[in-house]
Every structure is written in C-alpha cells, then in structure tokens.
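Structure record follows, encoded as structure tokens.
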Amino acid sequence: MMDQSKKNKITSDLLKPIGITKTFHIWMGFLTLSLAVCLYAYMFQLDKGLVVTGLRDYVSWGMYISNFVFFVATSLIGMLISAVLGLSGVKWASPLARIAEIIALAFAAVAGLVIVSDMGHPERLLNVFMYGRLQSPIVWDVTVVTVYVLISALLLYIPLIPDFKICHEKLVDIPKPLRNIYKLLSLNWKGTEDQEKLLKKSVWILSILIIPVALAIHTVTSWLFASTSRVGWDSTIFGPYFVTGAFVSGTAAVIIAMFFYRNSYKLQDYITELHFDKMGKLLVLVSLVYLYFNLNEFMVPGYKMKKFDATHLHALFAGRYAIMFWLVQIVGLILPILFLLFGKMRKPLPMTVIAVAVLLGAWFKRYIIVVPTMEHPYLPIQNVPMNFKFYTPTLIETFVSLAPFILVLMIITILSKVVPIIPIQETIEHHEESK
Amino acid sequence: MCEKEDNSKNKSRREFLQNIGIIGLGSVLAGSAIFAGFNYDRKKTNAQRIKVLTAENELLEIDKNDTTKVARFKAENLTFLQKRGREGIKGKRWVMVVDLSKCRNARKCMSACQNAHHLRPEQHHINVLKMQESKGTPPFYMAKPCQHCDNPPCVAVCPVDATFKRPDGIVLIDNERCIGCRFCIAACPYSARVFNWAEPLNSEEDKDLTYDVELNVPQRKGTISKCLFSADRLREGKMPYCVSACPNGVYYFGDENEDAVTNGTTKETVRFSKLLEDNAGYRLMPELGTEPRVYYLPAKNRTSPYEDKDKPEASEHLDSSHA
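Now the structure itself:
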C-alpha cells in the first residue's frame with residue numbers, strides 16, 4: 012500500500028489547476044472579445060449572404076469546408092489514444108487519455124458549428140432531419156458526427172466519476188453549490204469492487220464502440236468529396252487517406268495541449284519527458300503512414316497525367332498552389348518526420364514547435380484538398396467575372412473561420428478548470444501497482 | 018380494513034349516480050342529434066347539385082350541402098405549385114438536341130433565359146462555351162444547359178430532397194426546401210448549377226410573387242438555381258425560352274416517348290431517333306454514367322466559321338500550365 016502522504020501529494024497536485032485565477036480571467040476575456048469580433052463577421056454574412064466570402068459558382072466550397080474537415084480530423088485523436096492505445100494495454104498513454112478526449116470532444120462538437128457557417132440557409136438546418144434523404148453522404152455525416160460527440164462525451168465523463176468524488180471531498184474552498192455539482196456528477200461513487208468493475212466494463216465497451224464510429228466520421232467526411240466525379244476527389248483511397256491524415260493533426264494537437272497544460276498547471280511530474288518522447292514517436296509513425304498515402308494519392312495520377320488530372324496536378328506541383336503544396340508536404344510532414352527521429356527533438360519545447368508546424372500544415376492540407384479541385388471542373392469556366400475562376404478567401408470569411416478555433420480554446424480551457432486533466436484515481440492506482 | 022370496505026361502497030354508490038347522469042345526458046344529446054339530422058335531411062332535398070374536380074382529375078357531381086370548405090386553392094398557391102412541380106407532366110419524356118453546326122454564338126438563348134428566370138448577368142442556366150477538345154482539333158461553340166441526367170449526381174447527394182428528378186425527365190429545385198449546402202454544385206460534372214450568393218437581382222420587385230418551382234422565380238438568396246427545361250412553358254404547351262429565342266435553329270426540343278423533336282427556330286418537327294442517327298448524335302461525358310437528356314450533333318459542315326477572336330479562349334482550358 013502506498014503511503015498516505017504520496018497519495019495526498021498526487022491529489023493536491025492534480026487538483027491545483029481547478030479554480031478561477033487572474034490569468035484565467037484575462038485569457039477568457041481575450042477569447043470572448045475575439046469571439047465577439049468573429050460573431051460580428053458572421054452576422055454580417057447572415058445579412059448580406061455568402062457573397063461576402065470569396066466563394067462563387069465554381070469554387071463553391073472553400074475555407075469553411077476545409078475548416079470542417081480539419082476539425083473532424085483533429086477530433087479523431089480521442090479514438091487513437093483512449094481506445095486503440097488503451098485497449099492494447101499501452102500504459103504510458105493513460106495519463107494523456109483525458110487530454111485526448113477533451114480535444115476530441117471540443118473539436119467534434121465545434122465541427123458541427125463550422126458546417127453551419129457554410130450554409131446558405133442555416134435556419135433550415137432542421138430540414139436535414141425532417142426531409143433527410145438516406146442516399147446523401149451529408150445525412151450520414153450528420154448522424155455519425157453526432158454519435159461520435161455522444162460517445163466521446165461519455166468516454167470523458169465515465170472515467171471522471173471517481174475523480175468527481177475526489178473533487179467533492181478535497182475541494183473544500185469552493186462554493187457549496189459547486190461542490191454539490193461534483194457530488195451529483197460522481198453518481199454516489201464509493202469505490203466498491205462492483206462499482207470499479209462496472210466502470211471498467213463501461214469504459215471498455217465505449218472504447219470498442221468508438222473505433223468504428225471514429226473511422227466512420229472521417230471516412231464519411233472524405234466521401235463528401237470522393238462521391239463526386241471531380242478531378243482530385245474521385246479517388247478510392249480517400250477514406251484511409253483522410254483517416255491517417257487525421258491522426259497526424261490530432262497527435263500534433265495533443266502534443267501542443269500537453270505542452271501548455273504542463274507549463275501553466277505545473278504538471279511536470281505527471282506529463283513527463285517520457286510522455287513527450289513517446290508522443291513524438293507516435294507522431295513519426297502516423298506521419299509515415301500518411302506520407303505513404305500521399306505518395307499514392309499524387310504519384311499514381313501524376314505518373315499518367317491524364318488530361319484533366321494534368322491541369323489539376325500542374326496547379327499543385329508548379330502552378331498557383333505550388334508554394335502552399337510543397338510547404339505543406341515538406342515543412343508540415345517530411346521535415347517533422349526527419350527531425351523527430353532524433354531524441355533531442357522529442358523534448359517538450361522543440362517538439363511543440365514541430366507540432367505547431369504539423370498542425371498548420373494539416374490545416375493547409377485540407378485547403379489544398381478542397382479548393383484547387385473546384386478550380387478545375389471538366390468544362391471551361393467562361394462568361395463569368397475573374398473572381399469566379401480563382402478563389403481567394405475574404406477577411407470576413409477568415410474571421411468566421413477563426414471563431415471555431417476560439418471556441419475550441421474556450422472549451423479546453425474551461426474543462427481544464429473544472430475537471431482534473433490528469434486522472435487522479437488512475438494515477439494513484441498506477442503508483443500503487445508500480446511499487 | 019373495515020374503513021376500506023366502507024370507502025369502496027361509497028365509491029360504488031357515487032359511480033352509480035355518475036353513470037345515471039352520463040346515460041341521461043347522452044340520451045338527450047343523441048335525441049337532439051337525430052332530430053337535427055331529420056331536419057337537415059328535409060332541407061337538403063331542395064338544394065342544388067354541383068360539380069367538383071378532385072385532385073385525381075375526376076369530375077364528380079355531389080350535393081352542395083355535403084361540401085365542407087377545407088382550404089382555398091388558387092392556381093398560384095405555393096403548396097399546389099410545389100406538388101405540381103414535383104409530379105411533372107404526365108406521359109412525357111422531355112429531350113433536347115443541340116445542333117452545334119448551326120451555333121454562331123448569338124447568345125440569344127442566354128439572355129432569354131436570364132430574363133425569364135430573373136438572373137444576374139454572371140448567372141447562367143445555359144452558357145454558350147467556346148470549346149476545344151484537344152490541341153489540334155477545331156474549336157466550336159457549345160451551348161450547355163443542365164443535362165437533366167437520368168442518373169443525376171446532384172439529386173443523389175442532396176441531403177433534403179430539395180432537388181429532384183421528375184417522371185417527365187426534368188431535374189428541378191425547390192428553393193423553399195434548399196438549405197444552401199452546395200453539395201449539388203460539387204457533384205455536378207457539367208457545372209450546370211448556380212447559387213444566389215447575394216440578394217437576387219429582382220428581389221424587391223418579385224417579393225409579392227408566389228414561388229413557382231417550375232420557373233424558380235422569385236429567386237432566393239442562399240439557394241441554388243439551375244436550368245429547368247422551362248417547365249412552366251412546357252405546361253402551357255410552349256417551347257423552352259432558350260429554344261424559342263435561338264435565331265439560328267440550333268435547338269430541337271420534344272418528347273422522347275413520341276420520338277419527335279421540333280426545331281425552335283424553323284418549327285420543323287423531325288424524328289428524334291433519325292436526327293441522332295443521321296448526324297452522329299452524342300452526349301457529354303457519357304463515361305460518367307450520368308445519362309443526360311441533352312444530345313449534341315457535332316459541329317460538322319458549320320453554317321458559319323468559328324471566329325478567330327474566340328480561339329484563344331477555347332484553348333485556354335487545354336493548357337495545363339494555365340492553372
């Protein structure tokens with residue numbers, strides 16, 4: 012049995028971030044202000060119509076849809092870390108499971124809002140449920156994303172039950188109503204053997220359930236494109252191409268979150284250099300798989316250079332999108348793989364810098380998947396103004412696209428202030444086991 | 018125990034009295050209803066018989082007193098127009114033939130269409146393109162309306178059934194249903210669809226009009242618009258706007274079931290199958306399996322040459338480095 016003082020230290024360390032501080036006020040104030048600016052931009056779009064964006068009849072999907080794909084992609088990490096690694100008994104990943112679930116939940120929930128910002132008639136959203144046609148991939152997407160958000164929320168909540176009990180017991184300084192909320196959320200947890208068993212079993216079932224659902228959300232998202240016959244989208248590997256790409260951006264997001272949580276909440280003893288080292292290796296692995304899919308996606312049509320493929324690939328390799336394309340592939344994928352092969356680079360600071368590059372690359376990669384294809388339809392674009400032929404996002408559009416990022420930051424900040432982001436109960440158990 | 022029995026006795030007595038009351042009231046009501054019924058029937062004998070046209074197109078003769086007004090359906094009622102717009106015109110399979118050898122790029126089709134559907138100058142339901150298939154092959158003018166595919170990718174992807182395929186072959190859009198997701202634009206390989214990015218051209222003048230699915234007017238901000246094969250004109254037995262407007266005899270339009278198409282300019286009616294057979298008719302991108310209802314006759318023995326000034330634009334699309 013572990014001595015009580017050690018147990019107390021773990022508990023107090025992990026409970027320390029909970030509670031409102033001055034920094035929290037400043038940070039949330041800044042986020043709220045920025046969100047207000049973005050919402051103003053969206054109100055403007057609602058009033059004037061989507062004409063305030065750079066979208067037109069030929070490139071009719073742009074930054075919003077790229078953003079949507081990026082958010083769905085990043086949310087997939089919850090499944091990789093808590094389910095795949097959890098089920099295969101990888102011990103080092105368990106302290107990170109909650110961070111991964113928070114990211115999954117935040118990104119998936121916000122993804123639903125991103126798609127609304129792209130709609131010409133957002134007030135008709137309910138039509139999707141009233142008149143929904145099962146043949147449409149959009150209906151599949153709405154269904155699986157909703158299910159994923161629900162399961163992710165459960166996967167976040169259920170392992171939290173014992174910790175809510177601890178919160179209720181130990182957080183004596185907080186107002187009584189808040190303490191009672193913790194009590195309510197702990198569902199009368201007593202830590203009996205039956206309860207432990209039930210909790211383990213629920214988490215186990217959810218972990219299994221979330222794997223096909225997570226695969227489905229991003230496969231279906233890829234089908235929004237692959238179900239058309241457009242050049243650049245008409246691909247049979249789009250499902251796995253998107254899913255593997257999702258793991259890259261999600262892993263990068265978790266690394267960045269780890270870095271900021273660790274430093275601002277003084278969690279150096281719990282999110283250790285070992286965790287960064289392992290996450291770095293994971294990032295190399297998923298990036299290599301993604302690189303392999305990239306090779307297939309561009310090399311195969313690039314070798315044949317069929318008439319319409321040629322126009323599209325030319326724009327990517329040497330034309331209008333060349334700089335973005337090569338930056339994404341080299342700085343966002345190949346260089347990170349090479350750097351992270353060295354142990355020195357898998358230290359917190361350098362790796363966070365690399366993860367930022369990977370995450371930025373991942374965002375622009377979605378842009379490169381969505382936009383250039385729409386600029387290259389089968390029939391020529393004629394008898395329309397110049398801005399119909401080439402897409403450039405507007406300032407309004409950029410602000411509206413920033414809003415979901417601000418929302419995600421708000422969600423992960425607030426969650427980290429109300430729940431322990433490192434599982435307390437589990438950490439104590441691990442220490443006991445390792446003795 | 019004893020108290021409980023007492024209670025139940027009391028209860029049954031109360032129930033009995035209640036039941037008597039209900040039965041009594043019921044008989045009075047029933048009696049008066051029968052009396053009213055007799056009275057009503059006596060009055061009815063000298064009422065007139067009237068003719069009623071049902072929704073199934075049956076003419077019935079009934080007693081005027083038997084009718085109850087449910088709603089007043091004017092011809093321009095929205096629900097009626099939406100229903101009629103989805104049903105299409107019975108027994109028809111509309112088809113269009115575009116004879117490229119006669120097209121001189123007059124663009125009268127484009128302006129007639131834009132006027133009819135209240136479109137902005139950059140919005141095309143029908144667009145005359147300067148085409149060239151590959152380097153070294155001759156350029157030609159090609160009018161391109163919606164292809165009204167029998168296997169329409171746009172209809173397949175629509176999440177809310179706002180765009181639909183009618184039994185008479187026409188693909189329409191209901192802009193009262195459309196959510197503006199633009200998946201149909203992404204799915205259409207012929208770039209046939211346009212979107213109302215801003216407030217439509219005539220939104221002020223049109224605001225009191227009832228929306229007609231078969232004309233797609235008034236246009237609505239945030240929804241799709243597209244070629245309708247002028248479904249409103251077909252209902253009146255007229256040719257589509259573009260077909261009638263063409264001065265050069267490019268368009269034939271008609272019913273595949275009758276195997277007959279009529280030229281919009283010369284009004285000459287010919288066998289549809291023979292027209293295709295004699296002139297090597299073809300369809301756009303048949304390899305995609307979309308089964309268009311628009312057929313093309315190649316630009317052979319042109320009635321006028323392709324203009325030199327239009328050559329660069331035709332070849333622009335071929336140059337892969339252009340992008």
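Chains as they are written, first to last, in the numbering used here: chain B, 12 to 446; chain D, 18 to 340.
We put the beta carbon where it would ideally sit given N, CA and C, even for glycine.
Remark: C-beta atoms of His36/B and Val242/B do not approach each other more closely than 8 Å. With respect to Lys376/B, Gly343/B sits close: the two C-beta atoms are nearer than 8 Å. Within the same chain, Cβ atoms closer than 8 Å to the Cβ of His135/D are found at Pro217, Leu218, Asn219, Asp223, Val234, Pro235 and Gln236, the five residues on either side in sequence being excluded. In the displayed model, Phe181/D falls within a strand according to three-state DSSP.
Counting C-beta pairs closer than 8 Å gives three or more between the segment 167-181 of chain B and the segment 422-441 of chain B, which meets the contact rule.
When the beta-carbon positions are compared, Lys147/D and Asp327/D come within less than 8 Å of each other. Nearest Cα to Tyr159/B within the set Pro148/B, Gly313/B, Glu112/B and Gln393/B: Glu112/B. Of all residues in the segment 219-252 of chain D, only Arg237, Lys238, Gly239, Thr240 and Ile241 come within less than 9 Å of chain B when Cβ atoms are compared, listed by chain position. DSSP, read as helix, strand or coil, puts Ser197/B in coil. By the C-beta criterion, the segment 191-200 of chain D is judged to be in contact with the segment 127-141 of chain B, since at least 3 inter-stretch pairs fall below 8 Å. Using beta-carbon distances, Ser147/B counts as an interface residue toward chain D, with a partner under 8 Å.
By the Cβ-count criterion, Ser238/B is buried, with 16 or more other Cβ atoms from all chains shown falling within 10 Å of its own Cβ. Proximity of Arg144/B to chain D, defined by a Cβ-Cβ separation below 8 Å, is satisfied.
Inter-segment contact for the segment 98-118 of chain B and the segment 260-267 of chain B is present: three or more beta-carbon pairs are separated by less than 8 Å. Here the segment 294-311 of chain D makes contact with the segment 107-127 of chain D; the two share three or more CB pairs at distances below 8 Å.
In this structure, the straight-line span from the alpha carbon of Asn168/D to that of Phe181/D is close to 11 Å. Relative to the Cα of Tyr303/B, the nearest Cα in the group Phe41/B, Leu182/B, Gln340/B and Tyr389/B belongs to Gln340/B. Counting only the Cα atoms, Ile266/B lies some 58 Å from Ala248/D. Shortest Cα-Cα distance from Met256/D to any of Thr279/D, Glu275/D and Pro264/D involves Thr279/D.
At a C-beta separation below 7 Å, Pro176/D has these neighbours in chain B: Val139, Gly143, Arg144, Ser147, Ile149 and Val150. The DSSP assignment places no complete run of the beta strand (DSSP E) inside the segment 156-219 of chain B (cut-off: 3 residues).
Contact with chain D is found for Pro396/B, since one of that chain's Cβ atoms lies less than 8 Å from the residue's Cβ. Under the criterion of beta carbons closer than 8 Å, Tyr378/B and Ser77/B qualify as touching, at roughly 4 Å.
Every beta strand (DSSP E) of 3 residues or more that sits fully in the segment 92-129 of chain D is shown, in chain order, as 111-116.
The C-beta of Thr239/B comes closer than 8 Å to at least one C-beta of chain D. Remark: C-beta atoms of Ile162/B and Leu220/B approach each other more closely than 8 Å.
For Ala160/D, the enclosing beta strand (DSSP E) begins and ends at Phe157 to Lys161.
Residues are counted here when their Cβ sits less than 8 Å from a Cβ of chain B; for the segment 145-163 of chain D these are Val145, Leu146, Lys147, Met148, Ser151 and Lys161, given in chain order.
Considering only beta carbons, the part of the segment 203-216 of chain D lying closer than 8 Å to chain B consists of Ala203, Ala204, Pro206, Tyr207, Ser208, Arg210, Val211, Phe212, Asn213, Trp214, Ala215 and Glu216, in chain order. Here Lys238/D really is in contact with Ala215/D; their C-beta atoms are around 7 Å apart, less than 8 Å. CA-CA distance, Thr43/B to Thr34/B, rounds to 14 Å.
Here the alpha carbon of Pro186/B sits roughly 16 Å from the alpha carbon of Leu26/B. Along the segment 372-383 of chain B, the positions whose C-beta sits under 9 Å from a C-beta of chain D are Pro383, read in chain order. Sequence-distant partners of Ala129/D (beyond 5 residues in either direction) whose C-beta falls short of 8 Å from its own C-beta, in its chain, are Tyr258, Cys259, Ser261 and Ala262.
Using a Cβ-Cβ cut-off of 7 Å, Leu305/D is close to Ser240 of chain B, given in chain order. With a threshold of 16 other beta carbon atoms within 10 Å, Leu232/D meets it and is buried.
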